[in-house]
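Structure record follows, encoded as structure tokens.
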Amino acid sequence: NAGVTQTPKFQVLKTGQSMTLQCAQDMNHEYMSWYRQDPGMGLRLIHYSVGAGITDQGEVPNGYNVSRSTTEDFPLRLLSAAPSQTSVYFCASSLTGRSNQPQHFGDGTRLSIL
Amino acid sequence: GENVEQHPSTLSVQEGDSAVIKCTYSDSASNYFPWYKQELGKGPQLIIDIRSNVGEKKDQRIAVTLNKTAKHFSLHITETQPEDSAVYFCAASVLGADGLTFGKGTHLIIQP
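In order, the protein sequences belong to chains A and B. For the first sequence, the numbering used here gives the first residue as 5, with consecutive numbering after it. For the second sequence, the numbering used here gives the first residue as 450, with consecutive numbering after it.
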């Protein structure tokens, strides 16, 4: 199994551009989430979904949109990129629709905003 | 909301010695405490977790202890090996709440 797959692995954007970070899982997991990781900050929750058609905000949702039209995919959209969004983004999934279950992480997308 | 503090930020130990990383949490409703290992360029990987109805859990060289009264939990790695070098994160979750709250990480260095 591929597990959690994130694309692209690296991306450079200019301020104001938009883009979508892709996340797909092949484990039929209900729960999916997005985190950002900044130096010395640990991981912070951006958005999460407890199932197809259901999304909610995490700790740092501003500037990001998500949707969950299928169980497998959970894309993260940056509407108008800002330098403060330079970070490493991780997608995670777990079997049931709760965060208190083992989370499976992808290998991340490293995003630079110039 | 939940706040998780992790110490130390860097830990250097001799190969074969033990390493201990400590975390404290603020929300007494937290009931799930995982530990993740992150290698350079990779995503976090779950290495062990514990729930609030258990005081200790062990998996070969790795163990986690939980003190609910004091609201702290610790990761213990015995007989450390070079491949244990990585960044380790603790986290906490409240049942039904929105995601995990992570500590800021510990860079574990195993000296040969």
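Built from N, CA and C at the ideal position, the CB exists for glycine as well.
Does the Cβ-Cβ distance between A/G20 and A/A85 come in under 9 Å?
Yes. Within cutoff.
Using a threshold of 9 Å, state whether the C-beta atoms of B/T529 and B/A512 are closer than that.
Cβ atoms of B/T529 and B/A512: not closer than 9 Å.
Kindly indicate if chain A contains any beta-carbon less than 9 Å away from that of B/L549.
So yes, B/L549 belongs to the interface.
Measure the beta-carbon distance from A/F94 to A/Y39 and round it to whole angstroms, keeping in mind my assumption that it falls under 8 Å.
Rounded, the Cβ-Cβ distance is 5 Å, consistent with contact.
For A/L49, which residues of its own chain have a beta-carbon under 8 Å away from its beta-carbon, when the five flanking residues on both sides are left out?
Cβ within range, chain order: S37, W38, Y39, G62, E63, V64.
Under the three-state reduction of DSSP, which class applies to A/D77: helix, strand or coil?
Of the three classes helix, strand and coil, the one that applies to A/D77 here is strand, per DSSP.
The beta strand (DSSP E) with A/M36 in it runs from where to where?
Where A/M36 is concerned, the enclosing beta strand (DSSP E) stretches over 35-41.
Where B/S542 and A/S116 are concerned, what is the direct C-alpha to C-alpha distance, given to the nearest angstrom?
Going from the Cα of B/S542 to the Cα of A/S116 covers about 30 Å.
Name the residue from A/Q107, A/K13, A/D111 whose alpha carbon lies nearest to the alpha carbon of B/E496.
Reading the sequence as shown, one finds Ile at residue 496 of chain B and not Glu. Answer by Cα proximity: A/Q107.
Kindly give me the distance between the Cβ atoms of A/Q15 and A/Q26, rounded to whole angstroms, as I take these residues to be in contact under 8 Å.
The Cβ separation is near 11 Å, so there is no contact.
To the nearest angstrom, how far is it from the Cα of B/S467 to the Cα of B/Y537?
Those two C-alpha atoms are separated by around 15 Å.
In whole angstroms, give me the CA-to-CA distance for A/A28 and B/D476.
If you take the alpha carbons of A/A28 and B/D476, they lie about 32 Å apart.
What are the residues of the stretch 32-60 of chain A that lie near chain B, defined by any Cβ-Cβ distance shorter than 7 Å?
Listed in sequence order: S37, G44, M45, G46, L47, L49, Y52, D60.
Count the other CB atoms within 10 Å of the CB of A/G46; is the residue buried (16 or more) or exposed (fewer)?
Label assigned to A/G46: buried.
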